[in-house]
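Numbering (our numbering), first residue to last: 953 to 1229.
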């Protein structure tokens, strides 16, 4: 069960791999499905209206976050004025979320849109500081920082409580690598030695997150993360996840990895590992 942004990444990855004729067919089919959807047409107008986006700074931060999740995907490439407004609003909302440990799951989803959106291709490095902040949370807490806004309201005590919902079907890698770019999601392989890593690169997604319960300040050390096997923290859903991807023949391989090792997989290390099996 993937959330909306996870579904978007998966579909985006698949569409970029089909041949041009099939891709155009999908485009025509989608346009036909949306012809009667007045709500999307209105939202697209708002998404490309610099004034509307600028006014989000006057809204409560959670509402602004929700509006950005609805509108940012509809930003048209080439709309420089609207993009400039997004680049002003996004840092404010992300800073508020990360500084107060509020609605971090939404912040993660928003960063995913930023890092695959063709209109923001030249501006992704601007958001590297927030990516690194989320990575640090994984390294320090040993869990994915998918915390809902309703479960992190006690910011005075700094508590983070995990939700029972599934986190996005991708992982922020705890290495020094960047997240994926649109280029890395395309059919063409990059020749650069530096990889962008997000699930749904040519290897399988790096982490099918399962719900994990934890409480307290988040300073606990989760020793289970260091233990290989499907009973370790974060690993219990790996076997059915691989089966849905028709990669269950690699179950034995993944059972020998710890959660941290699985998160650190890149396309190259994954291919090298499976070749040895």
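Think of the CB as a built atom: it goes at the ideal place given N, C-alpha and C, for glycine as much as any other residue.
Alpha helix (DSSP H) containing residue i: first to last residue?
| i | result |
| --- | --- |
| residue 1052 | 1032–1052 |
| residue 1199 | That residue, residue 1199, is in no alpha helix (DSSP H); it is neither H nor E in DSSP. |
| residue 1230 | Nothing about residue 1230 can be reported from this structure: the residues present for the chain run from 953 to 1229 only. |
| residue 1018 | 1013–1023 |
| residue 972 | 972–986 |
Take residue i as the anchor and find which of the options has the nearest alpha-carbon.
| i | options | result |
| --- | --- | --- |
| residue 1073 | 1027, 1085 and 1058 | 1027 |
| residue 1208 | 1031, 1191, 1218 and 1220 | 1191 |
| residue 1049 | 1037, 1069, 1062 and 1038 | 1062 |
| residue 1075 | 1053, 1224, 1039 and 1054 | 1039 |
| residue 1069 | 995, 960 and 1043 | 960 |
| residue 1047 | 1020, 1064 and 1013 | 1013 |
| residue 1006 | 1058, 1200, 1216 and 1045 | 1045 |
| residue 996 | 1021, 1081 and 1055 | 1021 |
| residue 1018 | 971, 958, 1205 and 1057 | 1057 |
| residue 1037 | 1051, 998, 1088 and 1064 | 998 |
| residue 1054 | 1015, 1081 and 1202 | 1015 |
| residue 958 | 1203, 1065 and 1071 | 1065 |
Quick one: is residue i buried, meaning 16 or more other Cβ sit within 10 Å of its Cβ, or exposed?
| i | result |
| --- | --- |
| residue 1086 | buried |
| residue 1060 | buried |
| residue 1023 | buried |
| residue 956 | exposed |
| residue 1206 | buried |
| residue 972 | exposed |
Measure the alpha-carbon distance for residue i versus residue j and round it to whole angstroms.
| i | j | result |
| --- | --- | --- |
| residue 985 | residue 967 | 17 Å |
| residue 1032 | residue 1077 | 17 Å |
| residue 1214 | residue 1079 | 25 Å |
| residue 1041 | residue 965 | 27 Å |
| residue 969 | residue 1222 | 20 Å |
| residue 1030 | residue 987 | 23 Å |
| residue 1197 | residue 1219 | 16 Å |
| residue 895 | residue 1194 | With the chain represented from 953 up to 1229, any question about residue 895 goes unanswered, as that position is not in the structure. |
| residue 1113 | residue 980 | Legend: pLDDT at residue 1113 = 36, less than 50; position of this residue unreliable, value from coordinates given subsequently. Approximately 44 Å between the Cα atoms of the pair. |
| residue 1025 | residue 989 | 16 Å |
| residue 1010 | residue 1003 | 12 Å |
| residue 994 | residue 1000 | 10 Å |
| residue 1034 | residue 1210 | 43 Å |
| residue 1083 | residue 1043 | 12 Å |
| residue 975 | residue 963 | 12 Å |
| residue 1217 | residue 983 | 37 Å |
| residue 992 | residue 1067 | 22 Å |
| residue 1203 | residue 1189 | 11 Å |
| residue 1201 | residue 1081 | 38 Å |
Check residue i in the structure and name its three-state DSSP category.
| i | result |
| --- | --- |
| residue 1189 | coil |
| residue 1195 | helix |
| residue 1001 | coil |
| residue 942 | The shown model of the chain, from 953 to 1229, leaves out residue 942, and the question about it has no answer. |
| residue 1070 | helix |
| residue 1028 | coil |
| residue 1077 | helix |
| residue 969 | coil |
| residue 1210 | coil |
| residue 1086 | helix |
| residue 1216 | coil |
Report yes if the C-beta of residue i is less than 7 Å from at least one heavy atom of the ligand FAD; otherwise report no.
| i | result |
| --- | --- |
| residue 971 | Ligands in the displayed structure: none, and consequently the ligand FAD is not present. |
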